[in-house]
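A.B. asks:
Residue numbers (UniProt numbering): 1 to 62.
(1) To which residues of the same chain is residue 12 closer than 8 Å at the C-beta, ignoring the five residues directly before and after it?
(2) Alpha carbon to alpha carbon, how far is residue 30 from residue 16?
(3) Quick one: Cα of residue 34 to Cα of residue 62, how far?
Right under this line is the structure:
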């Protein structure tokens, strides 16, 4: 028997669903700010550089 105490196993399904709904409601009601714009730009630049790197390697290798 494990001595690990997991609080999630003690919660019933209704309470877990209620917590999920509350968390999703907070996300849905969050304001769109500069942090979100910055995160999208950083992700876009990262995706572009990764794709460009793969493209450049593809041109060099036979």
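Beta carbons: idealized from backbone N, C-alpha and C, even for Gly.
C.D. replies: Taking the geometry as given:
(1) Reading the chain shown from its first residue, position 12 is the one you call residue 12. Same-chain partners within the cutoff: there are none.
(2) If you number the chain shown from 1, residue 30 lands on position 30. If you number the chain shown from 1, residue 16 lands on position 16. One C-alpha to the other measures close to 21 Å.
(3) Here residue 34 refers to the residue found at position 34 when the chain shown is read from its first residue. Here residue 62 refers to the residue found at position 62 when the chain shown is read from its first residue. Straight-line measurement puts the Cα of residue 62 at about 44 Å from the Cα of residue 34.
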